[in-house]
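Notes for the one structure printed next.
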Amino acid sequence: MTLDGTNTWIVGGADAVLVVDPGPDDEAHLRRVAERVDGRRVTAVLLTHGHADHSEGAGPLARLLGAPVRALDPRHRLGEEGLDDGDVVTAGDVEVRVVATPGHSFDSLCFWLPGDRAMLTGDTVLGRGTTTIAPDGDLGDYLRSLDRLRQGAEMLEATALLPGHGPVLPDPAGVLNAYVVHRRMRLEQVREAIRRGARDTREIVEMIYADVDPALWPAAEMSVAAQLDYLKTTL
1 MTLDGTNTWI
11 VGGADAVLVV
21 DPGPDDEAHL
31 RRVAERVDGR
41 RVTAVLLTHG
51 HADHSEGAGP
61 LARLLGAPVR
71 ALDPRHRLGE
81 EGLDDGDVVT
91 AGDVEVRVVA
101 TPGHSFDSLC
111 FWLPGDRAML
121 TGDTVLGRGT
131 TTIAPDGDLG
141 DYLRSLDRLR
151 QGAEMLEATA
161 LLPGHGPVLP
171 DPAGVLNAYV
181 VHRRMRLEQV
191 REAIRRGARD
201 TREIVEMIYA
211 DVDPALWPAA
221 EMSVAAQLDY
231 LKTTL
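Right, dumping it as structure tokens:
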């Protein structure tokens, strides 16, 4: 589910930085992040969303570095400031713009780095494969978020997507177009499975994910459940 593990990003300059998604509460990893900070002031720890593989280490790292934790969901904050769509967070002369992208989870955010023409995407876009709609997410919101990101990537001439898992993606507009096409294809496959008599999420998964490792079917069932909910609202 986390590919090669969670990517932790350190964004900033010579004097001040932001740490994005410290990941799980893994002492060795958090020590390594602190070493990479290398004595610079940490303006804040930012979370793309509150799932444990991104947020669990935020509190311990923030206490280690003397920094607040900023997130959309108040349950994951440490300090008085949160994050919301349109916010701008700085570390020295480096600017991070917050973009609300609900869908994978209700509290998903992406962070636009105008100086690098790059977007930190959390789990909204992965370095490999496609994103699962978690139980606290919504496919309709996700499709709208993808459209917003795609339009922004084209308008801002973005050069890279920096995901929460997996490698950097160098063709933002192409990747986001592919994501939208894939989601629409899966929705049509779900419709076809229902027409062929599938009665529940498991039977739909067995039909349309037959070429996928069965170990990944529980995640596929989450996605199918989200697709069924979406189809109920669009019929």
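At the far end of the sequence shown sits residue 235, using full-length UniProt numbering, and the numbering has no gaps.
Every residue gets a Cβ at the ideal spot worked out from N, C-alpha and C, and that includes glycine.
Closest by C-alpha distance to residue i, when choosing among the options
| i | options | result |
| --- | --- | --- |
| Arg63 | Pro22, Asp85, His54 | Pro22 |
| Ala225 | Asp211, Thr234, Val205, Arg36 | Val205 |
| Leu231 | Pro214, Asp211, Asp25, Glu192 | Glu192 |
| Pro172 | Thr90, Thr124, Pro60, Pro74 | Thr124 |
| Glu80 | Ala67, Gly127, Ala91, Gly92 | Ala67 |
| Leu78 | Gly50, Ala91, Val99, Asp85 | Gly50 |
| Tyr142 | Asp107, Ala118, His165, Pro170 | Asp107 |
| residue 319 | His165, Leu61, Glu154, Val37 | There is simply no residue 319 to check, as the chain begins at 1 and stops at 235 in what is shown. |
| Asp26 | Glu35, Pro60, Asp73, Pro135 | Pro60 |
According to DSSP, residues forming a beta bridge with residue i
| i | result |
| --- | --- |
| Gly122 | Pro163 |
| Trp9 | Val20 |
| Glu95 | Thr90 |
| Trp217 | DSSP lists no partner for Trp217. |
| Phe111 | Val98, Leu120 |
| Ala58 | The partner list for Ala58 (beta bridge, DSSP) is empty, contrary to what the question assumes. |
| Val224 | In DSSP, Val224 forms no bridge with anything. |
CB contact flag (residue i, residue j, <9 Å)
| i | j | result |
| --- | --- | --- |
| His29 | Thr8 | yes |
| Ser223 | Arg184 | no |
| Gln227 | Val168 | no |
| Val20 | Val42 | no |
| Val130 | Asp53 | The displayed chain sequence assigns Thr, not Val, to residue 130. In this structure, Asp53 does not lie closer than 9 Å to Thr130 by Cβ. |
| Leu149 | Val11 | no |
| Arg40 | Ala16 | yes |
| Leu146 | Leu120 | no |
| Leu126 | Gly103 | no |
| Ala100 | Asp85 | yes |
| Arg128 | Gly166 | yes |
| Gly164 | Gly122 | yes |
Burial state of residue i, where buried means 16 or more other Cβ atoms lie within 10 Å
| i | result |
| --- | --- |
| Gly115 | exposed |
| Val45 | buried |
| Val88 | exposed |
| Val212 | exposed |
| Thr233 | exposed |
>> With three or more C-beta pairs closer than 8 Å as the rule, is the region 155 to 172 touching the region 195 to 207?
In response: no
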